[in-house]
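Accompanying notes for the structure given below.
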Amino acid sequence: MHPTVKLQKSWFKEGHTKSYAFRKEQLLKMKKMLTTFEKPILNALKFDMNKSEYEAYASEIAFLKSEIDHHVKQLKTWMQPTKVKTPLTHTGSKNFIRKEPYGTVLVIAPWNYPVQLALAPVIGAIAAGNTVIIKPSELTPTVSWVLKKMIEQYFPPHFIAVIEGDKEVTQKLLEQPLDYIFFTGSVPVGKIIMEKASKQLIPVTLELGGKSPTIVHKDANIDLAAKRIVWGKFTNAGQTCIAPDYLYVHHEVKADLIRAMKKYIQQFYGENPLDNEEYTKIVNQTHFERVSAYLDSGTVVVGGSLDESKHKIAPTILDQVSWEDQVMKDEIFGPVLPVLTYHALDEAIDKINSRPKPLALYYFGENEVEQQRILNSISFGGGCINDTLYHIINPHLPFGGVGESGMGSYHGKRSFDTFTHEKSITKQTTRFDQNFRYPGSQLGMAVLKKFFG
Numbered sequence: 001m002h003p004t005v006k007l008q009k010s011w012f013k014e015g016h017t018k019s020y021a022f023r024k025e026q027l028l029k030m031k032k033m034l035t036t037f038e039k040p041i042l043n044a045l046k047f048d049m050n051k052s053e054y055e056a057y058a059s060e061i062a063f064l065k066s067e068i069d070h071h072v073k074q075l076k077t078w079m080q081p082t083k084v085k086t087p088l089t090h091t092g093s094k095n096f097i098r099k100e101p102y103g104t105v106l107v108i109a110p111w112n113y114p115v116q117l118a119l120a121p122v123i124g125a126i127a128a129g130n131t132v133i134i135k136p137s138e139l140t141p142t143v144s145w146v147l148k149k150m151i152e153q154y155f156p157p158h159f160i161a162v163i164e165g166d167k168e169v170t171q172k173l174l175e176q177p178l179d180y181i182f183f184t185g186s187v188p189v190g191k192i193i194m195e196k197a198s199k200q201l202i203p204v205t206l207e208l209g210g211k212s213p214t215i216v217h218k219d220a221n222i223d224l225a226a227k228r229i230v231w232g233k234f235t236n237a238g239q240t241c242i243a244p245d246y247l248y249v250h251h252e253v254k255a256d257l258i259r260a261m262k263k264y265i266q267q268f269y270g271e272n273p274l275d276n277e278e279y280t281k282i283v284n285q286t287h288f289e290r291v292s293a294y295l296d297s298g299t300v301v302v303g304g305s306l307d308e309s310k311h312k313i314a315p316t317i318l319d320q321v322s323w324e325d326q327v328m329k330d331e332i333f334g335p336v337l338p339v340l341t342y343h344a345l346d347e348a349i350d351k352i353n354s355r356p357k358p359l360a361l362y363y364f365g366e367n368e369v370e371q372q373r374i375l376n377s378i379s380f381g382g383g384c385i386n387d388t389l390y391h392i393i394n395p396h397l398p399f400g401g402v403g404e405s406g407m408g409s410y411h412g413k414r415s416f417d418t419f420t421h422e423k424s425i426t427k428q429t430t431r432f433d434q435n436f437r438y439p440g441s442q443l444g445m446a447v448l449k450k451f452f453g
């Protein structure tokens, strides 16, 4: 067994993590850690991804602090046993559900939001009373180093540990007798994680991705739709699992929408985004080359400029794209937005439903009947009506995928639930006994038929 896994499992069995006082103390300690290490975190995100201070703080640190505050406020209530109804067959008994931690949890984090997506699951795991091993992404090494240093300063390794390394390290961790695995990343790697976990019957949560569509119908508020789509798509240079992956727009408003999006790209990022010091870069050369290749699809109508030395690609809109182009086959995960048109809403619904279920879907349109048609007709992880991305920052909304976009969910109480086993208990009375259930009972059959027909 890996020394850290062995250490954590042994310490967990001693019961240290189970009290409310301990869990609350660790959550508050994590919030203090984020404040203490705020500058190193921001510097590391700038170095690895060129994230601006505002974007880094808003999407990484502020998000985590908000999540911690919500957990601290609700934790005592979440931890309480839940009473359930007692049927007549159980007269005299008490029935309830106890909340029990799984044990040692492995959190495998991606590179696109390397602090938020490493620590957000950890918040839920701590609240639920588990020990945690964090495997950060090797593609953001500076952030990984800071994560390791700050966790080591605030938490002992028998409770929370960071293990750095490449995919070989991840493979070795997946062979350990873990109690839960939480993975955020690509669909192909998610399949490998699930296969490895299945060999030991380890439960998993998979937060994956896919091609998340944005539909703009003819009755949409075009200017506001353009503004919110540009923000949602090009935040973090499109390296967001729930970013609009492609735009499906009604043919009557397509030209107006593209014109408005161009206006907001210039407003947000300037005439030359490649020279904007606050515009995020592509994480490495491999991904830069992968995303750059998509510019060969269709026709560039906005953007399209590159700077390989900086690993930057300007916010780009592609027109004249077909479903056969490579840009429509892969999850883009970069600042390239292909545009397709439709004439009838049913056309868009049918086409989206012919593809794997997306992690997110965004619909812009004012008619409530058509909004409901979209919600009722298309299966997707979560999303927004007349907005993008904003659903993810509501702690009362669970976040997760469906089908190829993932399984399981988290955020807010759902994070606590994800890392909690619900143990069902019947506490039976000894003051009397229900004899009908025993062999030889004269009333047994009559009672069964009365209760169950």
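Numbering-wise, full-length UniProt numbering puts 331 at position 331 of the sequence shown, and it's gapless, one number per residue.
Virtual Cβ for every residue (Gly too), placed ideally from N, Cα, C.
For PRO136, collect the residues of the same chain with a Cβ closer than 8 angstroms to its Cβ; drop the 5 residues on either side in sequence, then sort them by chain order.
Along the sequence shown, one-based indexing puts residue 136 at 136. Result list for PRO136: ALA109, PRO114, ALA118, VAL143, SER144, LEU147, LYS148, VAL162, GLU164, in chain order.
For ALA344, which beta-bridge partners are listed by DSSP?
Along the sequence shown, read from residue 1 onward, the residue named residue 344 stands at position 344. Bridge partners of ALA344: none, in fact.
8 angstroms contact criterion, which ASN50 and THR280 should meet: CB distance rounded
Along the sequence shown, read from residue 1 onward, the residue named residue 50 stands at position 50. Along the sequence shown, read from residue 1 onward, the residue named residue 280 stands at position 280. Indeed they touch by this definition, with Cβ atoms about 5 angstroms apart.
I'd like to know if the region 371-378 and the region 402-414 are in contact, where contact means that at least 3 CB-CB pairs between them fall below 8 angstroms.
no
For the beta strand (DSSP E) that contains ILE160, what are its first and last residues?
As a first step, residue 160 is located in the sequence shown; it is residue number 160 there, counting from the start. That run of the beta strand (DSSP E) goes 160-162.
Identity of the residue in ALA44, GLY365, MET445, CYS241 nearest PHE399 by Cα
For the purposes of this step, residue 399 is identified with residue 399 of the sequence shown, where counting begins at 1. Nearest option by C-alpha distance: CYS241.
Exposure label - ASN130; buried when at least 16 CB within 10 Å:
Looking up residue 130 in the sequence shown gives position 130. The residue is buried, with at least 16 neighbouring Cβ atoms inside 10 Å.
Unbroken beta strand (DSSP E) run spanning PRO213, endpoints:
Reading the sequence shown from its first residue, position 213 is the one you call residue 213. First-last of the beta strand (DSSP E) with PRO213: 213-216.
With a cut-off of 8 angstroms on the beta carbons, I'd call LYS191 and TYR246 a contact; round off their distance for me.
Position 191 of the sequence shown, counting from 1, holds the residue named residue 191. Position 246 of the sequence shown, counting from 1, holds the residue named residue 246. About 23 angstroms separates the two Cβ atoms, so there is no contact after all.
Completely contained beta strand (DSSP E) runs for the region 159-195, where each covers 3 or more residues:
160-162, 180-184
Ends of the alpha helix (DSSP H) at TYR20?
For the purposes of this step, residue 20 is taken as residue 20 along the sequence shown, with counting starting at 1. Run containing TYR20: 20-36, per the alpha helix (DSSP H) assignment.
Taking DSSP's pairing of strands, which residues face GLU207 in a bridge?
Your numbering for residue 207 matches position 207 in the sequence shown. DSSP, once it has assigned bridges, lists THR184, GLY406 as partnering GLU207.
Using a Cβ distance threshold of 8 angstroms, determine whether the region 19-29 contacts the region 225-245, with at least three qualifying pairs required.
no
Between LYS65 and LYS31, which are expected to be in contact by the criterion C-beta below 8 angstroms, what is the C-beta distance as a whole number of angstroms?
Along the sequence shown, one-based indexing puts residue 65 at 65. Along the sequence shown, one-based indexing puts residue 31 at 31. So it is a contact: roughly 6 angstroms between Cβ atoms.
According to DSSP, which residues form a beta bridge with VAL336?
Here residue 336 is taken as the residue at index 336 of the sequence shown, counted from 1. Partner(s): THR316.
Identify every run of the alpha helix (DSSP H) within the region 56-102, keeping only runs that are complete inside it and at least 4 residues long; order them along the chain.
63-79
Given ILE282 as reference, the closest of GLN80, LEU208, VAL336, ILE393 once Cα atoms are compared
Reading the sequence shown from its first residue, position 282 is the one you call residue 282. Among GLN80, LEU208, VAL336, ILE393, the Cα nearest to that of ILE282 belongs to VAL336.
Could you tell me the distance, in whole angstroms, from the CA atom of THR429 to the CA atom of HIS90?
Taking the sequence shown and counting its residues from 1, one reaches residue 429 at position 429. Taking the sequence shown and counting its residues from 1, one reaches residue 90 at position 90. Each residue's alpha carbon lies about 9 angstroms from the other.
Does the Cβ of LEU224 have 16 or more other Cβ atoms within 10 Å, making it buried, or fewer, making it exposed?
As a working mapping, residue 224 is identified with position 224 in the sequence shown. Flag for LEU224 reads exposed.
Could you pull the DSSP bridge partners for VAL105 from this structure?
Counting from one through the sequence shown, the residue named residue 105 turns up at place 105. For VAL105, which the question treats as bridged, DSSP gives the partners VAL132, TYR180.
Going by DSSP in three states, ASP433 sits in which element: helix, strand or coil?
On the sequence shown, position 433 is the one that residue 433 refers to. Looking at ASP433 - three-state DSSP - the assignment turns out to be coil, as it is neither helix nor strand.
From ASN353, MET79, GLU331, VAL169, pick the residue whose C-alpha is nearest to that of PRO101; which is it?
The residue you call residue 101 lines up with position 101 of the sequence shown. The option with the nearest alpha carbon to PRO101 is MET79.
In the DSSP output, what is residue 454 paired with across the bridge?
One cannot answer for residue 454 here, as it falls past the ends of the chain, which runs 1 to 453.
If you reduce the DSSP assignment to three classes, tell me which class LYS310 lands in.
Along the sequence shown, read from residue 1 onward, the residue named residue 310 stands at position 310. The answer is coil: DSSP assigns LYS310 none of H, G, I, E or B.
Across which residues does DSSP place LEU361 in a beta bridge pair?
Here residue 361 refers to the residue found at position 361 of the sequence shown. LEU361 is bridged to GLY383.
When the Cα atoms are used, what is the spatial distance from VAL122 to GLN8?
Residue 122 sits at position 122 when you count from the first residue of the sequence shown. Residue 8 sits at position 8 when you count from the first residue of the sequence shown. Roughly 15 angstroms between the two C-alpha positions.
THR299 beta carbon less than 8 angstroms from that of GLN320:
Counting from 1 along the sequence shown, the entry for residue 320 is found at position 320. Counting from 1 along the sequence shown, the entry for residue 299 is found at position 299. Cβ distance < 8 angstroms, so GLN320 and THR299 count as in contact.
Look at the alpha carbon of SER186 and the alpha carbon of ASN367, and state the distance between them as a whole number of angstroms.
The count along the sequence shown starts at 1 and reaches residue 186 at position 186. The count along the sequence shown starts at 1 and reaches residue 367 at position 367. About 35 angstroms.
For ASP307, collect the residues of the same chain with a Cβ closer than 7 angstroms to its Cβ; drop the 5 residues on either side in sequence, then sort them by chain order.
Here residue 307 refers to the residue found at position 307 when the sequence shown is read from its first residue. Excluding positions up to five away in sequence, the list reads LEU274.
Which residue's Cα is closest to the Cα of SER322: ASN112, THR420, TYR342?
For the purposes of this step, residue 322 is identified with residue 322 of the sequence shown, where counting begins at 1. When each option's Cα is compared against that of SER322, the closest is TYR342.
Boundaries (first-last residue) of the beta strand (DSSP E) holding LEU247
Mapped onto the sequence shown, residue 247 falls at position 247. Segment 246-250, the beta strand (DSSP E) holding LEU247.
In this structure, how does DSSP classify VAL447 when only helix, strand and coil are distinguished?
In the sequence shown, counting from the first residue as 1, residue 447 sits at position 447. DSSP places VAL447 in helix when its eight states are reduced to three.
Neighbourhood of GLN200 by C-beta distance below 7 angstroms, restricted to the same chain and skipping five residues each side
Against the sequence shown, residue 200 aligns to sequence position 200. The answer, listed in chain order, is PRO177.
Could you compute how far the alpha carbon of ALA360 sits from the alpha carbon of GLY383?
Position 360 of the sequence shown holds residue 360. Position 383 of the sequence shown holds residue 383. Answer to the nearest angstrom: the Cα atoms are 5 angstroms apart.
Which residue's Cα is closest to the Cα of PHE63: PRO81, GLN116, VAL107?
As a position in the sequence shown, residue 63 is number 63, starting the count at 1. Closest option to PHE63, Cα to Cα, is GLN116.
Give the list of continuous beta strand (DSSP E) stretches no shorter than 3 residues that lie fully inside the region 246-304.
246-250, 299-302
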